[in-house]
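Take the position in the sequence shown, starting the count at 1, then add 1; the result is the number in the numbering used here.
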Amino acid sequence: MKLLVLPGDGIGPEITDATLTVLKAASETFKLNLSFEQQQVGLAALKTHGTTMPDGLLGHASEADGVILGPLDQLSYPPREKGGINVSAVFRVKLDLYANIRPARTRPGLGKVKDAMDLVIVRECTEGFYADRNMHQGNGEFMPTPDVALSIRKITAQACERIARRAFELASKRKKLVTAVHKANVFRVSDGLYLDKVREVAGEFRGVKLEEVIVDAMAARLVRHPGHFDVILATNMYGDILSDLASELSGSLGLAGSVLAGDALCCAQAQHGSAPDIAGQDKANPLGTIASLSMLLRHSFALDGEADAIDAAIGDSLAAGDRTADLIGTAPAVGCREMGRRVAARIAG
Ligand code: NAD
């Protein structure tokens, strides 16, 4: 099993190092014979290769058995013609990593609301409001005149149907509830198409209940009754925003694991971004990326026991009081590197 590791920008190198410490401990303990190759992407690659996404990277990724992708600081990238390519977006579209699976589970003592939650957001991530990936040629965001900016949103029946199927399959193994988030009161055509497809797929899963909630009300309901939800199905932007809300309510955005899952390849990428405000200070929480690694092992290699062991080590560390700064505010905290070591030590026994 060969993994491609792309540390990315900001806190990416720190959290990836801590995750590799855990990966090595898991590989040794469980004799997994995992190997990995690291390559530069993002601002480091821009310096050395003149582009955030060096040539051949897509080929390398598609040949790997799995990918660990760090966060990317796209906001500070130069325009595309000067080498600023959004690697996450290209991976999602070109490698067809269409399902972004984002769980949020309250950790004892860390939840920010009374009600505990254990939910998974299933987010479509190849189209929607993200105009940079919506066109065959050119960019879906453009300015017809200097004072008018337009962005094209794309919703397709095929993408809605396959993401809905992912959500229903997942819910059928969990609490059997899919909450489909939409804004069909305004986007009657595009979110209407999405809802049509969701209802069609729901018909194939008689044991799973479907409920439909408008996205703005969903934000309120998530805060008020987070324990109600099981699988939340959403198009790209709604899922992106709601998942940051859910993960922060469950404890911290820094705890939130996630995978980008296609039918062939899977990529572990934590929910959060490159956190430039704390980059290089050994303050970042690596548990989101470590949890993403566990999801990757489960998803791509059916290594359920090994993934369980990583999840248990994360849970044990938190239960023992190990806290990075995001979990306790400004009080003295465990650093990113040390957090990785502690989780790894629990796996090694
Ligand atoms: P962010 O997620 O990077 O940070 C939001 C807040 O959460 C910050 O205060 C940050 O310090 C904190 N935080 C995030 N991850 C943390 C962790 N692991 N441990 C502790 N604290 C953590 O969002 P942002 O600041 O809006 O975006 C920064 C950059 O990241 C932007 O360029 C944005 O485009 C990019 N981004 C990338 C991805 C991705 O690559 N998957 C996702 C979101 C944002």
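Think of the CB as a built atom: it goes at the ideal place given N, C-alpha and C, for glycine as much as any other residue.
Do the CB positions of residue i and residue j come within less than 8 Å of each other?
i, j, result
"Ala-158", "Glu-142", "no"
"Ser-301", "Ile-311", "no"
"Ala-65", "Leu-21", "no"
"Met-54", "Asn-34", "no"
"Leu-111", "Gln-270", "no"
"Ser-298", "Asn-101", "As written in the sequence, residue 298 is Leu, which differs from the Ser given in the question. Not a contact, by the Cβ cut-off of 8 Å."
"Gly-228", "Met-340", "no"
"Leu-178", "Val-232", "yes"
"Gly-193", "Ala-181", "no"
"Ala-352", "Glu-125", "An answer regarding residue 352 cannot be provided, because it is not within the stretch 2 to 350 covered by the chain."
"Ala-247", "Ala-105", "yes"
"Ile-12", "Ile-329", "no"
"Arg-154", "Phe-169", "no"
"Gly-263", "Leu-96", "yes"
"Gly-289", "Gly-258", "yes"
"Gln-40", "Thr-49", "no"
"Ile-156", "Tyr-195", "yes"
"Gly-255", "Asp-327", "yes"
"Val-94", "Thr-127", "yes"
"Asp-56", "His-226", "no"
Alpha carbons only, please: which of the options is nearest the one belonging to residue i?
i, options, result
"Ala-345", "Gly-129, Lys-25, Ser-63, Asn-237", "Lys-25"
"Gln-75", "Met-2, Ile-86, Val-6, Lys-155", "Ile-86"
"Val-202", "Leu-234, Phe-188, Val-6, Ala-276", "Leu-234"
"Ala-292", "Lys-284, Ile-279, Gln-272", "Gln-272"
"Lys-284", "Gly-13, Thr-325, Gly-84, Leu-261", "Thr-325"
"Ile-16", "Ser-36, Leu-73, Glu-29, Gly-60", "Leu-73"
"Ser-89", "Leu-319, Ile-329, Cys-268, Ala-334", "Cys-268"
"Val-335", "Ser-318, Ile-348, Arg-347", "Ser-318"
"Val-224", "Ser-251, Arg-200, Leu-211, Ile-215", "Ser-251"
"Ile-348", "Cys-337, Lys-174, Ile-329, Ala-314", "Ala-314"
"Ala-265", "Val-68, Gln-39, Thr-49", "Val-68"
"Lys-176", "Ser-77, Cys-337, Val-121", "Val-121"
"Arg-338", "Pro-287, Asp-323, Val-187", "Pro-287"
"Leu-212", "Ala-220, His-61, Phe-230, Ala-221", "Checking the displayed sequence, the identity of residue 212 turns out to be Glu instead of Leu. The shortest C-alpha separation from Glu-212 is found at Phe-230."
"Arg-163", "Leu-98, Ala-150, Ala-27, Ala-220", "Leu-98"
"Phe-37", "Leu-44, Ser-28, Gly-306, Arg-207", "Ser-28"
"Leu-171", "Arg-103, Asp-148, Pro-109", "Arg-103"
"Ala-308", "Thr-30, Ser-253, Val-94, Asp-10", "Thr-30"
"Asp-245", "Gly-84, Gln-39, Val-123", "Val-123"
"Val-199", "Ala-165, Arg-207, Val-214", "Ala-165"
"Val-214", "Arg-207, Arg-222, Gly-208", "Arg-222"
"Leu-47", "His-137, Thr-107, Gly-84, Arg-93", "Gly-84"
"His-137", "Gly-57, Val-91, Pro-109, Gly-350", "Val-91"
"Gly-208", "Lys-174, Leu-304, Phe-188", "Lys-174"
"Asp-10", "Leu-304, Arg-342, Gly-274, Gly-350", "Gly-274"
Which stretch, first to last residue, makes up the alpha helix (DSSP H) that contains residue i?
i, result
"Pro-14", "13-30"
"Gly-193", "191-203"
"Ala-158", "158-173"
"Gly-316", "305-320"
"Ala-90", "88-95"
"Ala-235", "Careful: Ala-235 lies outside any alpha helix (DSSP H), inside the beta strand (DSSP E) at 232-235."
"Gly-341", "337-349"
"Arg-225", "216-225"
Apply the 10 Å Cβ neighbour rule to residue i and answer buried if 16 or more other Cβ atoms are within range, or exposed otherwise.
i, result
"Ser-152", "exposed"
"Ala-321", "exposed"
"Ala-19", "buried"
"His-183", "buried"
"Asn-135", "buried"
"Val-190", "exposed"
"Val-23", "buried"
"Met-144", "exposed"
"Val-216", "buried"
"Asn-237", "buried"
"Asp-79", "In the sequence as presented, Asp is not what sits at residue 79; that position holds Pro. Pro-79 comes out exposed."
"Gly-43", "buried"
"Val-149", "exposed"
"Gly-60", "exposed"
"Glu-82", "exposed"
"Gly-1", "With the chain running from 2 to 350 in the structure shown, residue 1 is simply not present."
"Pro-8", "buried"
Let's see if you can read the secondary structure: which residues bound the beta strand (DSSP E) around residue i?
i, result
"Met-144", "142-146"
"Thr-53", "From DSSP, Thr-53 is part of no beta strand (DSSP E); its letter is neither H nor E."
"Arg-81", "It is not in any beta strand (DSSP E) - Arg-81 carries neither H nor E in the DSSP assignment."
"Thr-180", "178-183"
"Ser-152", "149-152"
"Phe-37", "36-39"
"Val-123", "119-125"
"Ile-102", "100-106"
"Leu-7", "3-7"
"Gly-274", "That residue, Gly-274, is in no beta strand (DSSP E); it is neither H nor E in DSSP."
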